[in-house]
Amino acid sequence: MAELVLQNVSKRFGGLLAVNKLDLEVPAGRILSLIGPNGAGKTTVFNMITGVYPPSSGTIRYKGHQLNHLRSNRIIAQGIARTFQNIRLFKSMTVLENVQVGLHCRTKSGAVRALLKTPFENREETEIIAKSLKLLEFMGLIEHRNDYASNLPYGEQRRLEIARALATQPDILLLDEPAAGMNPRETADLMDLILKLRDTGLTIFLVEHDMKLVMGISEIVTVLDYGQKIAEGTPREIQQNEKVIEAYLGTAAKAPN
Amino acid sequence: MDLTALLLQQMVNAIFLGSIYALIALGYTMVYGIIELINFAHGELFTAGAFIGVIVLSALQQAGWVESHFVLTLIIVFGLAMAYVAVLGVAVEHVAYKPLRNSSRLSALLSALGMSIFLSNGMMLSQGVSDRAYPQVFGLQAIEILGARITKGQIFIILLAIALMVALQLFVHRTRLGKAMRATAQNRTMARMLGIDIDQTIRITFMIGPALGAAAGVMVGLFYGAVRFDMGFIFMIKAFAAAILGGIGSIPGAMLGGLIIGVIEVGWAAFLPSAWKDVTTFTVLILVLYLKPSGLLGESVSEVRV
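As given, the protein sequences belong to chains A and B, one line each in that order.
Start counting the first sequence at 1; every next residue gets the next number (the working numbering).
Start counting the second sequence at 258; every next residue gets the next number (the working numbering).
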């Protein structure tokens, strides 16, 4: 069953049609990649799903609930988490604090109770720290827990971004170019990590330029060009699709066969 | 009075004035940190706190509470002033800033100036244009330490100011809401992406900042003995300078900036012509900004937002 469904979704910025009547289904427990040339509208799709801005038309549904016009924090509460292309860590917080912020959206204590430090809130806080440490352990960041996020090496900052997104306890994780700027070793680690996450039951929705990563782990690949879906299929099907080759390389470079 | 006594005396005076500037500066810096707006109405919120303080304190004095329940009286006075101004702060945010959150910064700034004038005039109409005397509850009784005379009121105010700042630091670093506030200040889009309710976080900032300003207002009233509808202006300028000096957006920066300005002002006035003390304060501010434009503890790069 599809968890996340986009129906006829368009986004217009002034005169630019960034996404044009997109239909997309992200099935539960799978790895789906969205690829396309620069400016094809991939990040715009993520931004609409996570409520950075609403779609101009069409509907986005998650587990049957419509997400259009919901604020990001409400969308995240439904179990969708994401990372951004550029690293957006809370730089002057420690690694542990970064993850804790993500976990807080799952706590029950309201604003007033959090201030009053009731026994319930204290217990919850202890639980949060335990969960955060467990998550950092899983992500291989445990020895950095008390470092400031800005002091981490690049690859680990990327990992922390994913850790923080996971802290919101999502069912679906949107990764926006997670391999950007990574060396081959780090990319290989990232592939392992994504597969490991999928095996825990998490749905992965990936926007990525690194074709080795995309073709290596995706179960479904969707191709966008000028905001429109031009192809969808298994990595093998996509690699042989003429429209896709054209979009990436231009008509002149079309393979002779 | 020998030199040790003079130095000690001036040091106490400097810490006293500095902590009041710091409390007010915190309001500027917290609001700026979270929505990048200079809340020009903050000086008026400070004054409003001073007025609530004088109204409540006068009433309690007439009821004889100052003699019978001294500590309780102080708690009520500070508590009510801070609570009232916290509500006022949230109201100001809701009416004047929230509707403009997605418009240009200039509109919000103009709205802040308008709010400042509105509140100032409101207080002038309701409280009159003349000075209003604060009941002197601490008396003039002073403790002598090494020849310096320090009044009980001064000690109380300094301790309370320090306690409030420590409480703020604990709140910001140890609590869930505090972490949400720091996260929002560092990257609003990302904070929202982690499930943080930005509106609530902004509301809480507009409660805490003005409440600290209100406490400073009551302190000024208690110490100087009078309040007036336009007293916020000069304190606003100094506290604003303190926030900039420390690095706007930085909470420890506001505390440090407040203290430095207090020290400069008192130090200058103690040994050199006091008419020049404000000039000196702002000269130091200009020098610091010339050498380090982001302020002493400020971050040099602001993060790009979607």
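Note that CB positions come from ideal geometry on N, CA and C, so glycine has one too.
Alpha-carbon spacing of residue i relative to residue j, whole angstroms
i, j, result
"A/Leu249", "A/Ala231", "15 Å"
"A/Leu195", "A/Ala149", "25 Å"
"B/Ala424", "B/Met287", "15 Å"
"A/Asp188", "A/Ile217", "Checking the sequence, you will find Ala at residue 188 of chain A rather than Asp. Going from the Cα of A/Ala188 to the Cα of A/Ile217 covers about 11 Å."
"A/Ala253", "A/Glu242", "Confidence in A/Ala253 is poor, its pLDDT being 48 and thus under 50, which makes the residue's placement unreliable; the coordinate value appears in the next sentence. Their backbone Cα atoms lie some 11 Å apart in a straight line."
"A/Asn257", "A/Ala247", "With a pLDDT of only 48 at A/Asn257, under the threshold of 50, the placement of this residue in the model should not be trusted; the figure read from the coordinates follows. C-alpha separation (whole angstroms): 17 Å."
"A/Val45", "A/Ser56", "12 Å"
"A/Ala77", "B/His326", "49 Å"
"A/Val221", "A/Ile238", "7 Å"
"B/Asp454", "B/Gln266", "47 Å"
"A/Asp23", "A/Lys229", "8 Å"
"B/Leu260", "B/Leu529", "15 Å"
"A/Arg71", "A/Glu143", "35 Å"
"A/Cys105", "A/Pro27", "25 Å"
"A/Asn38", "B/Phe335", "58 Å"
"B/Val561", "B/Val323", "Unreliable placement is indicated for B/Val561, whose pLDDT of 37 sits below 50; no coordinate value is reported for it."
"B/Glu522", "B/Gln319", "37 Å"
"B/Leu546", "A/Thr83", "36 Å"
"B/Ile412", "B/Met372", "34 Å"
"B/Leu363", "B/Leu370", "11 Å"
"A/Pro119", "B/Val429", "20 Å"
"B/Arg406", "B/Met268", "12 Å"
"A/Ala163", "A/Asn122", "23 Å"
"B/Met339", "B/Ala365", "25 Å"
"B/Gly515", "B/Val344", "25 Å"
"B/Leu479", "A/Arg74", "46 Å"
"A/Lys21", "B/Asn359", "28 Å"
"A/Lys11", "B/Pro467", "41 Å"
"B/Val328", "B/Leu317", "12 Å"
"B/Ser368", "B/Met464", "19 Å"
7 Å Cβ cut-off: residues of chain B touching residue i
i, result
"A/Ile76", "Met450, Leu451 and Gly452"
"A/Ser72", "Arg449 and Met450"
"A/Val207", "Under the 7 Å cutoff, chain B gives no residues; its nearest Cβ is about 15 Å from A/Val207."
"A/Glu97", "Lys436"
For residue j and residue i, believed in contact at Cβ under 8 Å, the rounded distance
i, j, result
"A/Phe90", "A/Val99", "Going by Cβ atoms, the distance from A/Phe90 to A/Val99 rounds to 10 Å, so no, they are not a contact pair."
"A/Ala179", "A/Leu213", "5 Å"
"A/Met182", "A/Gly155", "6 Å"
"B/Ala307", "B/Val477", "6 Å"
"A/Gly227", "A/Ala40", "7 Å"
"A/Ile204", "A/Leu175", "7 Å"
"B/Tyr341", "B/Ile309", "5 Å"
"B/Gly555", "B/Gly506", "6 Å"
"B/Leu337", "B/Val313", "5 Å"
"B/Gly470", "B/Leu302", "5 Å"
"A/Val207", "A/Lys42", "4 Å"
"A/Leu4", "A/Tyr62", "5 Å"
"B/Gly510", "B/Gly519", "Actually they are not in contact, since the Cβ atoms of B/Gly510 and B/Gly519 sit about 15 Å apart, beyond 8 Å."
"A/Asn146", "A/Leu96", "7 Å"
"A/Pro170", "A/Ile80", "6 Å"
"B/Ile414", "B/Phe273", "6 Å"
Listed by chain order, chain A residues near residue i by CB distance under 7 Å
i, result
"B/Ala570", "Residue numbering for chain B in the displayed model covers 258 to 563; residue 570 of chain B lies beyond these limits and cannot be assessed."
Contact list for residue i against chain B, beta-carbon separation under 8 Å
i, result
"A/Met93", "Lys436, Arg439, Ala440 and Gln443"
"A/Thr168", "Leu451 and Gly452"
"A/Arg82", "Met450"
"A/Arg164", "Leu451"
"A/His65", "By Cβ distance, chain B contributes nothing, its closest Cβ being about 16 Å from A/His65, past 8 Å."
"A/His144", "Residues of chain B passing the Cβ test: none, with the nearest at roughly 18 Å."
"A/His295", "For chain A, the structure presents residues 1 to 257; residue 295 of chain A sits outside this window and is missing."
Amino acids of chain B, ordered along the chain, whose beta-carbon sits closer than 9 Å to that of residue i
i, result
"A/Val52", "Thr446, Arg449, Met450 and Val563"
"A/Thr107", "Arg433"
Practice problem: Please confirm if the stretch 387 to 399 of chain B is in contact with the stretch 476 to 495 of chain B, defined as three or more CB-CB distances below 8 Å between the two stretches. | Solution: Taking a cut-off of 8 Å for Cβ pairs, the stretch 387 to 399 of chain B and the stretch 476 to 495 of chain B touch, as three or more such pairs fall below it.
Quiz item: So, do the stretch 283 to 298 of chain B and the stretch 345 to 356 of chain B have three or more beta carbon pairs nearer to each other than 8 Å?
Solution: yes
Quiz item: Name the residues in the stretch 417 to 435 of chain B whose C-beta lies less than 7 Å from a C-beta of chain A; which are they?
Solution: Thr432, Arg433 and Leu434
Quiz item: Are there three or more Cβ pairs, one per stretch, closer than 8 Å when the stretch 497 to 516 of chain B is compared with the stretch 444 to 463 of chain B?
Solution: Inter-segment contact for the stretch 497 to 516 of chain B and the stretch 444 to 463 of chain B is absent: fewer than three beta-carbon pairs are separated by less than 8 Å.
Quiz prompt | contact_flag[the stretch 395 to 403 of chain B, the stretch 367 to 377 of chain B] where n(CB pairs < 8 Å) is 3 or more | solution = no
Quiz item: Pairing CB atoms from the stretch 439 to 458 of chain B with CB atoms from the stretch 271 to 284 of chain B, are three or more of them under 8 Å?
Solution: no
Quiz item: Contact between the stretch 353 to 367 of chain B and the stretch 435 to 449 of chain B: three or more CB pairs below 8 Å?
Solution: Contact between the stretch 353 to 367 of chain B and the stretch 435 to 449 of chain B is absent, because fewer than three Cβ pairs lie under 8 Å.
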